[in-house]
Each structure stands twice: as C-alpha cells, then as structure tokens.
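Under our numbering, residues 1065 to 1230 are what the sequence shown spells out, in order.
Beta carbons are placed, not taken as given, at the ideal position from N, Cα and C, and that holds for glycine.
Every value quoted in this text rests on a predicted model; they were computed, and no experiment measured them.
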Amino acid sequence: MGMCACYYLLNKEDELLNLSSKGEEELLDYIDENLSESEDLVDIDKMWDALHFVFTGSECGIDLENPLSIAVAGEIELEISDGLVALVSKEKIPQVVKALSEFDMPKALENFSMQKCKEAELYPDIWDYDDELEVIKEELQVAYDELLALYQKAEEQGKSVLVTIY
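Written out as structure tokens, the structure reads:
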C-alpha cells in the first residue's frame, strides 16, 4: 500500500490539537472516523515527496521558512510513530496560497528529472521507469492543481488544513 498523503480542510483545529495530546490512537481514530469521507479532501497518493522536491529541491520535511514546503508537509507536527500528521494554521494559509499561486509549475515540470529524484532517493522508488515520465508529470500537475484549490478554499473560508502522510 505505501505511504499516501491526504489534505483535509478543518473546522475544529482546537479539537484536533487537544486530541493529539491524548495520544496517537485517538488522533488517528478521529481522522479516520471524522475526516476520511470529507468532501474537502485532496489525496495526492504517493506524489508527496516528489511534489515537495519539485517545490523545494529537497526531500519532504517540515520547513517553517518555506511556504511551499508547508503546503506539502504542514506547519505544526502532531506526534505519531510512523508517518506525519501536521496542521497548517489558518494564519499561515495566505502565505501558502500566495507561494503556490506564484509557483511556475509548467516550468518546474519542464525541468523535472527522474534521475534527480532517484539520486535524492525520493519516495516511492519509481524513478528507474523512464517510460512513466509523462504520467508522473501529469500526476504532479494534478496534485499541484488540487492542493492549490484546497488551500484557496481554506483561505476563503478561514479554515486550517490537516496534512497526513502515512
């Protein structure tokens, strides 16, 4: 199955922060029971590491100085043992929207290199399949478009975003 990334609009940021202090199991149960069927959900599957790499030139991780990194990996990490769960606060959303809106995705995809992804050891390990280059570029474009739309909606509605990668 592998590690997949999902992004959710949150109505109750405080509730989620309170749950994270109660433990991993309650946090993950809440996500599964209350968010997994949400209409305000973007699932970029396994393209999270490559998208972060396209945005930043580095593998996925939280970088509070870079709104493009925050768009993919989040801002406020909630502790889980395997994977990543993080919030992007509603206060940070406008910076993320601005950075995503100004990012030149077509140019980035023109310069996209399977070899560079392989050298960076990005997840998932698919970078030897050169015949998949166009499919991967399409998936990255769709992921970008969907993330931008979700963050724009979050900004319009004054909501935060939950990032899950597990």
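Residue span of the alpha helix (DSSP H) that contains residue i, given as start and end
i       : result
Ser1133 : Pro1131 to Ala1137
Glu1090 : Glu1088 to Tyr1094
Glu1174 : Met1169 to Glu1174
Glu1183 : Met1178 to Glu1183
Own chain residues within Cβ distance below 8 angstroms of residue i, not counting five before or after
i       : result
Gln1159 : Pro1131 and Ile1134
Lys1201 : Leu1173 and Phe1176
Gln1221 : Leu1073
Pick from the options that is closest to residue i, judged by C-alpha positions
i       : options                               : result
Lys1156 : Tyr1230, Gln1179, Glu1196 and Glu1139 : Glu1139
Tyr1072 : His1116, Val1106 and Leu1148          : Val1106
Lys1217 : Glu1203, Lys1154 and Ala1184          : Lys1154
Gln1205 : Glu1196, Pro1170 and Glu1219          : Pro1170
Cβ neighbours of residue i in the same chain (closer than 7 angstroms, five flanking residues each side left out)
i       : result
Ala1238 : Only positions 1065 to 1230 of the chain appear in the structure, and residue 1238 is not among them; the question remains open.
Pro1188 : Gly1066 and Lys1110
Residue(s) in a DSSP beta bridge with residue i
i       : result
Glu1141 : Ala1150
Ala1069 : Asp1109 and Ile1229
Leu1074 : Ser1224
Beta-carbon proximity list for residue i, same chain, < 6 angstroms, skipping 5 on both sides
i       : result
His1116 : Cys1124 and Val1136
Burial state of residue i (16 or more Cβ within 10 Å)
i       : result
Phe1199 : According to the sequence provided, residue 1199 is Val. The question's Phe does not apply to it. It is exposed - the Cβ of Val1199 has fewer than 16 other Cβ atoms within 10 Å.
Leu1164 : buried
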